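Input: a single structure, listed below in structure tokens.
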Amino acid sequence: MSMRNRRCCIVYLRHIVAKIQQLKSNLVKMRFVVGVVVLFVANLHYGMASSSSTGGAVYTRWGRKTCRDGAKLVYSGYAGGSHYNHQGGAVEPICLPRDPEWGHHHGMHSARGFVYGAEYETVSFSKTSHVHDQDVPCAVCLAVGKKSVVVIPAKKTCYKGWKKEYSGYLMSGHYTHPAASTYTCVDEHPEAVHGGIKNENGYLFYPVEARCGSLKCPPFRDGWEFLCVVCSIA
Ligand SMILES: [Ca+2]
Ligand SMILES: [Ca+2]
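First residue of the sequence shown? That's 348 in our numbering, and the numbers climb one at a time after it.
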């Protein structure tokens, strides 16, 4: 090989090596870009999956053991609260789980509050009289993919854009009882806790009637029982 040809060969080889190095560099860059894209898609997928499978708004469906179709049951349990005849008890009912766990037991003591079971007191209201004195179940439900839940008194349908979770009758404690209570939306088809027919009282749910005066009639109706609806929105 002549001197000139040898030089040409070396130049050509250097050119080839430079090209290979450039290709290698490009490959590394492309791998990085592909990695970032794969990570982004994976995160997007995870975000969508997690928001659709676990995200949502939680509410309690009073008077029922299950949630509506499409809502996810967090747990099913027993309604409980303060005794209707005690002053100073807690106002709100609570939804107690069927599988309670316990800490330490310190024995009976006067410096404490109490939790009783809850009963329907609905003998005088034909729509729910069949569960009178029965104990009240409850279900804590996740409205999957929803952002908010609202309880609306005196309605059985939701406003536009909202979805009905359940509707029912507005209930509270008796107006003559010492214990304060809170208005609670009890399902229109109330169920009973198995074995709870005995009249043992505790936290009590009575239907709520409208009283005209400062309450405007119409649209409200004196002596009529209030309905209620629980609505959710995405
Ligand atoms: Ca009772
Ligand atoms: Ca009972």
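Even for Gly, the Cβ is constructed at its ideal location relative to N, Cα and C. Predicted model only: the values in this text are computed from it and were never measured.
Measure the beta-carbon distance from residue i to residue j and round it to whole angstroms, keeping in mind my assumption that it falls under 8 angstroms.
| i | j | result |
| --- | --- | --- |
| V483 | Y467 | 6 angstroms |
| V555 | V496 | About 20 angstroms separates the two Cβ atoms, so there is no contact after all. |
| Y550 | P447 | 17 angstroms between Cβ atoms; not a contact. |
| A426 | A465 | 4 angstroms |
| V438 | A557 | Not a contact, Cβ separation roughly 21 angstroms. |
| G417 | R445 | About 23 angstroms separates the two Cβ atoms, so there is no contact after all. |
| N432 | H524 | 6 angstroms |
| Y463 | G428 | 7 angstroms |
| I499 | C575 | 7 angstroms |
Given a threshold of 16 other Cβ atoms within 10 Å of its Cβ, counted over all protein chains shown, does residue i qualify as buried or as exposed?
| i | result |
| --- | --- |
| S471 | exposed |
| R411 | buried |
| G570 | exposed |
| V364 | exposed |
| D534 | buried |
| C414 | buried |
| C485 | buried |
| G294 | The structure shown does not extend to residue 294, since the chain is modelled only from 348 to 581, so the question has no answer here. |
| G460 | exposed |
| A581 | exposed |
| K507 | exposed |
| Y522 | exposed |
| P566 | exposed |
| S457 | exposed |
| E547 | exposed |
| T475 | buried |
| S514 | buried |
| S579 | buried |
| Q369 | exposed |
| K563 | exposed |
| T529 | exposed |
| Y422 | exposed |
| G435 | exposed |
| L360 | exposed |
| K366 | exposed |
| L517 | buried |
| K493 | buried |
| S399 | Caution applies to S399, whose pLDDT of 49 falls short of 50 and renders its modelled position unreliable; the model cannot decide the point. |
query: Around ligand 1, what residues have a beta-carbon under 5 angstroms from a heavy atom of it, in chain order?
result: Answer in sequence order: E466, D480, N546, N548.
query: Touch check for the stretch 533 to 543 and the stretch 451 to 461: three-plus C-beta pairs under 8 angstroms?
result: Three or more beta-carbon pairs separated by less than 8 angstroms are not found between the stretch 533 to 543 and the stretch 451 to 461, which leaves the two stretches without contact.
Residue ranges of each beta strand (DSSP E) within the stretch 481 to 510, 3 or longer: With a minimum length of 3 residues, the continuous beta strand (DSSP E) runs that stay inside the stretch 481 to 510 are 484 to 491, 495 to 500.
field: Runs of beta strand (DSSP E) lying entirely within the stretch 415 to 459, each at least 3 residues, in chain order
entry: Every beta strand (DSSP E) stretch that sits fully inside the stretch 415 to 459 and reaches 3 residues is listed by chain position as 419 to 428, 441 to 444.
- request: Scan the stretch 522 to 563 and note each continuous beta strand (DSSP E) run of 3 residues or more that stays entirely inside, going in chain order.
  value: Along the stretch 522 to 563, the beta strand (DSSP E) occurs as fully enclosed runs of 3 or more residues at 531 to 534, 550 to 554, listed in sequence order.
query: Is there contact between the stretch 499 to 512 and the stretch 475 to 482, where contact requires at least three CB pairs shorter than 8 angstroms?
result: Too few Cβ pairs lie closer than 8 angstroms, so no.
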